[in-house]
Ligand code: SF4
């Protein structure tokens, strides 16, 4: 279990299940506008605010909510200090994983949808290769600064999957039918780029009806079609609840999840079935 000031591992059942070869640390911020600044650009369009996982698990506790709001305020009010804090946490997590003999995986948007690949430079101390080399070195993003870490996220900001992302950052689109134009845009982005699409189904039974046969011991596949207004996407459904290691999923699938926490009662169109 790793405890940083911003990222932590070992307190998410799904990431714990995935631990073995990898250990995952997640950063949980206060989603949408809870901290007074919108960190989820597409949330109102996608209709996911009410069903957000922010209130699931440890998020039910008041002190956890306060800590998330405080972290998010630090991100908003002093970006440079926040990014330095994140770099320190990542250094700690990399060292922890090395000691433990596992590979580090990090999800920065546990409960946010920040575009970390854009305008989020960081500085990292690295061993000097050349006497004239300055240290710390400025990197365009944490992904460039920590090539030894596998980063991944879910996103509703569909334009992100059109970008040339660093090879150690994997993004999965997050589907919602709360807004037909949004559903169309996600389907189009998936068709254009081949990106995987995460879909939240009403319950385990609904998901299992689609993803029941065992596949490589991690889940199953069956065809499902998502319908926007103009676009549709027909793909196999992969059980995404076995582990959270989205970067290991087969390519070109629907990642099937079942609703947890507040999402169970969602009727906006974010949860299907
Ligand atoms: S589901 Fe994702 S995008 Fe929506 S409010 Fe929660 S963290 Fe933000």
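Numbering (our numbering), first residue to last: 468 to 740. We put the beta carbon where it would ideally sit given N, CA and C, even for glycine.
1) Please name the residue in 603, 594 and 652 whose C-alpha comes closest to that of residue 622.
2) At 3 residues or longer, and completely inside the segment 571 to 601: list those beta strand (DSSP E) runs for me, N to C.
3) Should residue 614 be labelled buried (16 or more other beta-carbon atoms within 10 Å of its own) or exposed?
4) Tell me the rounded alpha-carbon separation between residue 499 and residue 567.
5) Considering residue 651, what are the terminal residues of the alpha helix (DSSP H) in which it resides?
6) Would you say residue 560 faces chain D, with C-beta separation under 7 Å as the test?
7) What do you reckon, is the C-beta of residue 516 under 6 Å from a heavy atom of ligand 1?
8) Can the beta-carbon of residue 642 be found less than 7 Å from the beta-carbon of residue 666?
9) Please name the residue in 591, 576, 495 and 609 whose C-alpha comes closest to that of residue 601.
10) Is residue 731 a contact residue of ligand 1, with contact defined as CB to any heavy atom under 6 Å?
11) Hey, residue 724 and residue 708: beta-carbon distance below 7 Å or not?
12) By how many angstroms is the C-alpha of residue 588 removed from the C-alpha of residue 599?
13) Cα separation between residue 524 and residue 728?
14) Relative to the C-alpha of residue 733, which residue among 513, 581, 508 and 506 is closest?
15) Could you tell me which residues DSSP puts in a beta bridge with residue 693?
16) Just checking, does the segment 504 to 512 make contact with the segment 700 to 715 on the three C-beta pairs under 8 Å criterion?
17) If the criterion is Cβ atoms closer than 7 Å, does the pair residue 674 and residue 726 meet it?
Looking at the atomic coordinates:
1) Looking up residue 622 in the chain shown gives position 155. Of the candidates 603, 594 and 652, the one whose C-alpha sits nearest the C-alpha of residue 622 is 652.
2) 589 to 591
3) Translated into positions along the chain shown, residue 614 becomes position 147. With fewer than 16 Cβ atoms within 10 Å of its Cβ, residue 614 is classed as exposed.
4) Sequence index remark: in the chain shown, residue 499 carries index 32 (1-based). Sequence index remark: in the chain shown, residue 567 carries index 100 (1-based). Going from the Cα of residue 499 to the Cα of residue 567 covers about 35 Å.
5) Taking the first residue of the chain shown as position 1, residue 651 is located at position 184. Taken as a continuous stretch (DSSP letters only), the alpha helix (DSSP H) holding residue 651 covers 647 to 660.
6) Within the model displayed, chain D is absent; a lone protein chain is all it includes.
7) Your numbering for residue 516 matches position 49 in the chain shown. Yes; taking the cut-off as 6 Å, the Cβ of residue 516 has a heavy atom of ligand 1 nearer than that.
8) Position 175 of the chain shown, counted from the start, is the residue given in the question as residue 642. Position 199 of the chain shown, counted from the start, is the residue given in the question as residue 666. Contact: yes.
9) Against the chain shown, residue 601 aligns to sequence position 134. Comparing Cα positions, the closest option is 591.
10) Your numbering for residue 731 matches position 264 in the chain shown. Outside the cutoff, so no.
11) Stepping through the chain shown from its first residue, residue 724 is reached at position 257. Stepping through the chain shown from its first residue, residue 708 is reached at position 241. Cβ distance < 7 Å, so residue 724 and residue 708 count as in contact.
12) Along the chain shown, read from residue 1 onward, the residue named residue 599 stands at position 132. Along the chain shown, read from residue 1 onward, the residue named residue 588 stands at position 121. For residue 599 and residue 588, the distance between alpha carbons rounds to 22 Å.
13) Numbered from 1 along the chain shown, position 57 holds the residue referred to as residue 524. Numbered from 1 along the chain shown, position 261 holds the residue referred to as residue 728. C-alpha separation (whole angstroms): 8 Å.
14) As a position in the chain shown, residue 733 is number 266, starting the count at 1. Of 513, 581, 508 and 506, the residue nearest in Cα terms is 513.
15) Taking the first residue of the chain shown as position 1, residue 693 is located at position 226. DSSP lists 700 as partners of residue 693.
16) no
17) Sequence index remark: in the chain shown, residue 674 carries index 207 (1-based). Sequence index remark: in the chain shown, residue 726 carries index 259 (1-based). No.
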